[in-house]
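Peer 1: Reading the sequence shown from the start, the letters are residues 2 to 322 in my numbering.
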Amino acid sequence: MADWGWITYTVLEVFIAVACCLGNVLVVCAVAVGIQDCLRKPTFCFLVSLAVADFLVGAVAVPLAVLLDGWVSLTSHQCLFLSCVVLVLTEASVLSLLAIAIDRYLRLHMPFRYKVIVTQRRTLLVVSVCWILSCLLGFTPLFGWHNLSVVGYYSTKTPSTSPNSSQCTFLSVISLPFMVYFNFLGCVMAPLLVMMFLYIIIFWSLHKRLINSCPLARASLLREKRLACSLTLVLTLFGCCWIPLHLMNCLLLFQGPQAVTPGTLYTGILLSHANSAVNPVIYACRIPKIQKAYTQIWKRLVLKFNCFTRNRPIQQSITSH
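1. Quick one: using the 10 Å Cβ neighbour count with 16 as the cut-off for buried, is L186 buried or exposed?
2. Below 8 angstroms between beta carbons: does that hold for P281 and V63?
3. In or out: W243 buried (at least 16 other Cβ within 10 Å) or exposed?
4. From the DSSP output, read off the bridge partner residues of S74.
5. Just the Cα atoms here: how many angstroms apart are E14 and F82?
6. Who are the near neighbours of L238 in its chain, counting only those whose CB is closer than 8 angstroms to its CB and skipping five residues on each side?
7. Can you tell me which of the three DSSP states I175 falls into?
8. With a threshold of 7 angstroms on Cβ separation, who are the neighbours of L88 within its own chain once the five nearest residues in sequence on each side are excluded?
9. Going by DSSP, what residue range makes up the alpha helix (DSSP H) through Y182?
10. How far does the alpha helix (DSSP H) with C131 in it reach, from first residue to last?
11. If I measure Cβ to Cβ from C21 and keep anything under 8 angstroms in the same chain, skipping five residues before and after, which residues do I get?
12. Between the stretch 93–112 and the stretch 191–206, are three or more C-beta pairs nearer than 8 angstroms?
13. Just to confirm, are N148 and I118 a CB contact at a threshold of 8 angstroms?
14. Count the other CB atoms within 10 Å of the CB of D70; is the residue buried (16 or more) or exposed (fewer)?
Below is the structure:
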């Protein structure tokens, strides 16, 4: 890749990182502060978990993606650990989406037992399990499925002459068979297929109930359908943003390095990171409660800013006298 290509890639990554951080901080504030008792509602609790994962993509994964492209010299084990952090955050997003899909399914098919089964304590327990499981799956390469035993592993930069350190790149330490067979097929595609199946059942059930419902129940079902559509859109965009990169890994594994050009690979990486910046926009456009909370937060910020600008000249005049 030419120098201008590296600059463009880095600038876009910085832009995505800032958007991820600001957007998802706003989501957490909107859900935690702007919506009354929202954290007692499982769906919003899982959305906060997803927003935290997306925030960490911008704050941690994107900077690591830039650094883990041969820009820093690290020992092989340090490089492996930092590469695994990226996998942990991806898996946290997948499991949060899966928890949301299961929650919607239970709410629709067990409406009378739902509040008994899905309590706040159990919801927080599920969120904790999602993050613990994400760490276990993401750090799997640390237990042996890696490239550290391979002599002279691939690097996009000039290799270091030091025997204990090398230019750190993601694919220099993470095994392609691991990325394809374990991470893609087992940890990404399998949950996505389960989620697709659950949402198909949800929409089919909603469709049948809307046909035979009374006006009062119809309004509630339409709200449920709108929320399900919004969450399905989040899931669809996740698949559209992440699957291309995983398919490139498949090509690299089965056809070799010549199968994917560097420019195409970096486009796939940018697309996968951009997914975390898009989610807050979807929440704002598609989920009325979050949309209302966004508006309240912005009004408060504007009000505080106006009060600050009005009081500043008064304070300056007082100090001058």
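Just so it is clear, CB atoms sit at the ideal spot from N, CA and C, and this is done for glycine as well.
Peer 2: In short, the structure shows the following:
1. exposed
2. no
3. buried
4. Q168
5. 21 angstroms
6. N276, V279, N280 and I283
7. strand
8. G139 and N184
9. Neither: Y182 is in no alpha helix (DSSP H) and is coded neither H nor E.
10. Q121 to G139
11. D55, F56, V58, G59, A60, V63, H274, S277 and A278
12. yes
13. no
14. buried
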